[in-house]
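*Asks:*
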Amino acid sequence: MRVVKAIFSHPSGRIGGAIVLLYLVVALLGAVGLTPHDPLMQYRIDRLQAPSSSYLMGTDLFGRDVMSRLMKGVGQSFTVAFFSVAFATLAGTVLGLTAAWYGKRWDTVMMRLMDVLLAFPAILLALLIVTIVGPGTWTSVAAISIVYTPIFTRVVRGPALSLKEREFVDAARTFGSSRSYILTRHLLLNLVAPLTVQVTLALAWALLTEAGLSFLGLGTQPPASSLGLMLSDARNLMEQAPWLLAFPAVAIMLSILGFNLLGDALRDILDPKTRRA
Amino acid sequence: MKPILSIRDLHVSFGQAAAEKEVVHGVSFDLGVGEVLAIVGESGSGKSVTALSSNRLIDYAGGRITSGKIELLRADGSVLDVTSAGKQELTGIRGAEIGVIFQEPMTSLNPVLTIGAQIEESFRLHRGLTGKQAQAAARDALERVRIPDAERRLKATPNQLSGGMLQRVMIAMALACNPRLLIADEPTTALDVTVQAQIMALLAELKRETGMSMIFISHDIGLVAGIADRVMVMQDGRVVEQGELSQILDKPQHPYTQHLLHAVPHFSSGTAARTDGARTTAPLPKPTLEVDDLVVRYPLKGGWFSKPVGAVHAVDGVAFDLMPGETLAIVGESGSGKSTTARAVLGLVSPTRGAFSVEAQAARPGQSRLPVQMVFQNPYASLNPRLNVEQLLAEPVIATGQPIDAAVRARMAALLKRVGLPEDSLARYPHQFSGGQRQRLCIARALMLNPSVVVLDEAVSALDVSVQARVLELLVDLQHEYGLAYLFISHDMAVVERIAHRVAVMYAGQIVEIGDAKSVLSDPQHPYTRKLIAAVPTIDRRNQHFELDTRQVPSLVRSVGFEPPAAKWLQHGADHKVRAEA
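Residue numbers (full-length UniProt numbering), protein chains in the order written: chain V, 1 to 277; chain R, 1 to 582.
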């Protein structure tokens, strides 16, 4: 509650928070199907209609309502982003914590593996994985999780290494506290702040990666809609029907802006060094 | 004659607008040419803020001088009002007119540049020297602060030098431009007592040589006695008393000064040692803790195939025993192995060899498997900031696998009350407590499992003197109440004298002298113990001058398979033995 209050009193947090909240509502409505029209319904007579009162964002080549497709697409993109970031966070936290705690060979092997993953550009690595496994929603989730796991591993490992040497961990050892207790209570609990910031920022990147994969035809498959897929479909009709391109493009841009602003705000709020008295 | 620095009604604030908080409320003083003024006070009294206002360094710490006048007599005889001076003028006086040395020499130097490069820089900046000239000046500067082998030291990086050497380097840098005023902000707090004596002797000598004025900031009124001409006592941002040294020390007028003088643990050469020792009755009870031939070595590897090339002998053949209800103090300088010994007893460091036996006192409720508990030096670092007091106190109990039931909660409340913390503490977080309160919290946590031995690793060193005195009293009371045995690790002889029954002096990983506190402190036999005791600053010995000694501590690195010769002990009195030096 304190954090929510702090977000909305932070200048960029207010804007970022509002944008993210708006998207969450849209994504939820799209996911449960509360859209103005059926996103798959082809109104053949109304093909390539400009935005009007009946189709707020116009219609596409097949006469499908762009706004409904956009809402559904936001729902789809967010689902992929959330699941992939959740998996990446979980895997990265476990790997980072254990690498820091056990050190030695396990640390070396894990971190070099992560370095190899990091050396590939994110979208290229995702492409590689999708090409091997085949396109689809859950493949995108898997690919994006693998791409972002090294980042979380690093975010966790660094501070965990320094927390491990802190005196309160030594103190816990003198009581005979169990390893799992020290790892969760003394290490993980102190990592909540940097992780929260990282999760928020990773959501923005994951959205972009998902859009990229779908744009290339390797993510969400038609006739389902996603923001990247809509951009891809609109590419050839750019001059006749610019609204087909404009709305999904703005949607992607705004969502990333929102998460980034929110991430920056959270960084300010949760970092005790920049916290204002 | 005009004073070199004259401060009138100085007010300094921190924070912005609504959150602005005044920390110095109207301080006035004059500092004469060639005079040493000591500013004494506890943490938060505004002593550093006041001193650092005189060259406006306080601007960089987020402070703001809200009103008052600071007049500095410059070398050319003109008077500069520091409060209204521009950036240009301030840069001109910093370093050249006012030099500053800080508490932590390790963090004040750039770790990747050589000592030489860093000293040369101040000569380049302020005196415009270049190349060979700057190098020669840097060497002279190091020689001036009595660093042996200065030529070679210039090429060393900070990590290759000891704390005392680094503080000398800092002094050399501060003196590079012959400042007429030197501000020393707790310059010896981070150093060992024998090194502290060296730095104090050096400062006194430099002052005599150059005739510069000095502001010496310290929390230790005993230390100030050896160097100051005048003393100013501060409390909560106000000057409570100022005057000549002898007047303040011998006839303090203000109750706070009296309190400070009283609270400072005076070292009185063993005459104030405790007399309630456990070894007065015969036959001796069974010791709570016995340590025999404890050895901790860290192998050093080198070469292409990581062959062992030697070992750091951190602790070498330490043996002692500890009776129930007894305090054994282990004293020594940093690197002497005293903390490693304590950590080995707790199992935080695995010993290379050695035997322990810990006698758990039978039938104690809630006794853990580990009857040894520890209180650390830094109460800020040894408590997890994200846990509240209840969770902190519950941790040792959870570790033993017991449920947190009503009995445990009752014990928490009782212990909190016993160590003098408010009853509503359970839901609060560590940052809501002061340093002294946190240390009490750590003590309560260590007692949750009813240990028979508590290791106190510099447990009161980080506390202000008056807080320190009260925590020591609490420790003595708890010892009587629960029959606790303390292993008290400290470098502070005065504190040791007040709490120890027995003293063990460690040097280079070995115990060189051990025995009854009164006997060891009043009649030290080993040359190192004598040196250690002679270095303790006291108010009574204020006129004594320290000899400068630039010998290095022997290296602890030994070749593979090296075994020190078995110790030969000379008995000196009933419970006092000294290691015979070969």
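Cβ coordinates follow ideal geometry from the N, Cα and C atoms, glycine included.
1. I'd like to know whether the C-beta of residue 412/R is nearer than 7 Å to at least one C-beta of chain V.
2. In three-state terms, what does DSSP make of residue 60/R?
3. Tell me the DSSP secondary structure of residue 470/R in three-state form.
4. Between residue 467/R and residue 378/R, what straight-line distance do the alpha-carbon atoms span, to the nearest angstrom?
5. Near residue 427/R, what residues of its chain come up, given a Cβ to Cβ distance below 8 Å and the 5 sequence neighbours on each side ignored?
6. Which full runs of the alpha helix (DSSP H) of 4+ residues lie inside the region 86 to 138 of chain V, going along the chain?
7. Going along the chain, which residues of the region 156 to 178 of chain V sit with their C-beta nearer than 8 Å to a C-beta in chain R?
8. Is the beta carbon of residue 78/V less than 7 Å from the beta carbon of residue 27/V?
9. Please decide whether residue 20/R counts as near chain V, where near means a Cβ-Cβ distance under 7 Å.
10. Please identify, using Cβ separations under 7 Å, the residues of the region 371 to 382 of chain R that lie next to chain V, in order along the chain.
11. By the 10 Å Cβ neighbour count, where 16 or more other Cβ atoms means buried, how is residue 171/V classified, buried or exposed?
12. For residue 79/R, count the other beta carbons within 10 Å of its own beta carbon; 16 or more makes it buried, fewer makes it exposed. Which is it?
13. Between the region 176 to 194 of chain R and the region 97 to 107 of chain R, do three or more beta carbon pairs fall short of 8 Å?
14. Just tell me which of 185/V, 199/V, 253/V and 228/V has its CA closest to the CA of residue 91/V.
15. One question on the structure: do residue 341/R and residue 372/R come within less than 7 Å of each other, judged by their Cβ atoms?
16. Using CA coordinates, which residue listed in 269/R, 465/R, 453/R and 189/R is at the minimum distance from residue 480/R?
17. At what residues does the beta strand (DSSP E) containing residue 217/R begin and finish?
18. Do residue 385/R and residue 583/R count as a contact pair if the criterion is CB distance below 7 Å?
19. Return helix, strand or coil for residue 579/R, following the three-state DSSP convention.
20. By the three-class DSSP mapping on this structure, what secondary structure does residue 360/R have?
21. Residues in its own chain within less than 6 Å of residue 338/R by CB, not counting five upstream and five downstream?
22. For residue 178/V, tell me which candidate among 565/R, 395/R, 156/R and 535/R has the shortest Cα-Cα distance.
23. Given that residue 190/V touches chain R, what residues does it touch there, using C-beta distances under 8 Å?
24. If you pair each beta-carbon of the region 131 to 151 of chain R with each one of the region 79 to 92 of chain R, do three or more pairs fall below 8 Å?
25. With distance defined between alpha-carbon atoms, name the residue in 536/R, 581/R and 84/R nearest to residue 270/R.
26. Just how far apart, CA to CA, sit residue 48/V and residue 36/V?
27. Does the region 192 to 209 of chain V come within contact of the region 149 to 157 of chain V, defined as at least 3 CB pairs closer than 8 Å?
28. For the candidate residues 393/R, 472/R, 482/R and 409/R, whose alpha-carbon lies nearest to that of residue 442/R?
29. Is any beta-carbon of chain R found at less than 7 Å from that of residue 186/V?
30. Under the rule that 16 or more other beta-carbon atoms within 10 Å means buried, what is residue 432/R, buried or exposed?
31. Since residue 298/R sits in a beta bridge, which residues does DSSP pair it with?
32. How big is the Cα-Cα spacing for residue 557/R and residue 509/R?
33. According to the neighbour-count rule (16 or more other Cβ atoms, all chains shown, within 10 Å of its Cβ), is residue 41/V buried or exposed?
34. In the DSSP assignment, find the unbroken beta strand (DSSP E) run with residue 207/V in it and report its ends.
35. Below 8 Å, can you find three or more Cβ-Cβ pairs linking the region 130 to 145 of chain V to the region 64 to 74 of chain V?
36. What does DSSP give as the partner residues of residue 304/R in its beta bridges?
*Replies:* A quick look at the data gives this:
1. no
2. helix
3. helix
4. 14 Å
5. Cβ neighbours of residue 427/R beyond the five flanking positions: 388, 389 and 390.
6. 104 to 119 and 122 to 133
7. 166, 167, 168, 170, 171, 172, 173, 174, 175, 176, 177 and 178
8. yes
9. Interface annotation, residue 20/R: not in contact with chain V, CB-CB separation never under 7 Å.
10. 373, 374, 376, 378, 381 and 382
11. Buried.
12. Exposed, by the Cβ-count rule.
13. yes
14. 199/V
15. No, they are not a contact pair.
16. That would be 453/R, whose Cα lies nearest to the Cα of residue 480/R.
17. 213 to 218
18. Residue 583/R lies beyond the residue range present for chain R, which begins at 1 and ends at 582; the question has no answer from this structure.
19. strand
20. Its pLDDT being 49, under 50, residue 360/R is placed unreliably by the model, and the measurement read from it follows with that caveat. In the three-state scheme derived from DSSP, where H, G and I count as helix and E and B as strand, residue 360/R is classed as coil.
21. 330, 332, 489 and 506
22. 395/R
23. 384, 385 and 386
24. no
25. 536/R
26. 17 Å
27. Enough Cβ pairs lie closer than 8 Å, so yes.
28. Nearest C-alpha to residue 442/R: 393/R.
29. Output row for residue 186/V: interface = yes.
30. exposed
31. 312/R
32. 11 Å
33. With fewer than 16 Cβ atoms within 10 Å of its Cβ, residue 41/V is classed as exposed.
34. In the DSSP assignment, residue 207/V falls outside any beta strand (DSSP E) and within the unbroken alpha helix (DSSP H) covering 192 to 215.
35. no
36. Residue 304/R is bridged by DSSP to nothing; it lacks a bridge partner.
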